[in-house]
Amino acid sequence: MTVAQKRPEFRNINAFKDLPTYRLPVAGWVSILHRVSGVLMFVLLPFILWIFDTSVSSEISYARLHAAFGMGPGGVVLKLVALALIWAYLHHFIAGLRHLRMDVSHAAVSKAGGAASAKITLALSLALTVVLGAKLFGVY
Numbered sequence: 002m003t004v005a006q007k008r009p010e011f012r013n014i015n016a017f018k019d020l021p022t023y024r025l026p027v028a029g030w031v032s033i034l035h036r037v038s039g040v041l042m043f044v045l046l047p048f049i050l051w052i053f054d055t056s057v058s059s060e061i062s063y064a065r066l067h068a069a070f071g072m073g074p075g076g077v078v079l080k081l082v083a084l085a086l087i088w089a090y091l092h093h094f095i096a097g098l099r100h101l102r103m104d105v106s107h108a109a110v111s112k113a114g115g116a117a118s119a120k121i122t123l124a125l126s127l128a129l130t131v132v133l134g135a136k137l138f139g140v141y
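With this note's numbering, the residue at position 20 of the sequence shown is 21, and numbering never jumps.
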């Protein structure tokens, strides 16, 4: 006669005690950031439309836009918003390509492949954001 093993017991989690100790894998962070970047692009859509409209309306409005992005306190805020938008677009685009690759090739569906592609996605989006942010802030 064999003794039955005790079944695991599942309880509700305590959000304040259990969630801070949970370690999300890199692929989970990329997935969450993909959603965050999509929401950020949607929320900043009026800003994008304002920039586009102002830049193509006339030479005077373009000069005003150029002055608004100057090095005053307002210009720094506008540049930080533009930098957030740059990151959101780059991350969303690269993570979208990652998802398309997973759908088509099934190469990154494994745990190791998913983690590797997630690390590449994070590194690439952050590196491109730093490069474009340096250009935005006039480093080169």
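Think of the CB as a built atom: it goes at the ideal place given N, C-alpha and C, for glycine as much as any other residue. A quick note: this is a predicted structure, and the numbers were derived from the prediction, not measured.
- Taking a C-beta distance under 8 Å as the contact criterion, H92 and L34 qualify as a contact pair.
- Contact between G134 and L84 is confirmed by a C-beta separation of about 5 Å, below the 8 Å threshold.
- In this structure, I61 lies away from L86, with their beta-carbon atoms at least 8 Å apart.
- When C-beta atoms of the segment 105 to 119 are compared with those of the segment 22 to 40, three or more pairs fall below 8 Å, so the two segments count as touching.
- The DSSP-derived three-state label of A96 is helix.
- Distances from the alpha-carbon of R36 to those of F94, L125, Y141 put F94 closest.
- Excluding five sequence positions before and after L41, the CB atoms of its chain that fall closer than 6 Å to its own CB belong to A89, given in chain order.
- Following the DSSP letters along the chain, one finds V27 inside the alpha helix (DSSP H) bounded by residues 27 to 44.
- When only Cα atoms are considered, S58 and S38 end up about 28 Å apart.
- Under a 10 Å Cβ-count criterion, V44 is classified as exposed, with fewer than 16 other Cβ atoms of the shown protein chains found around its own Cβ.
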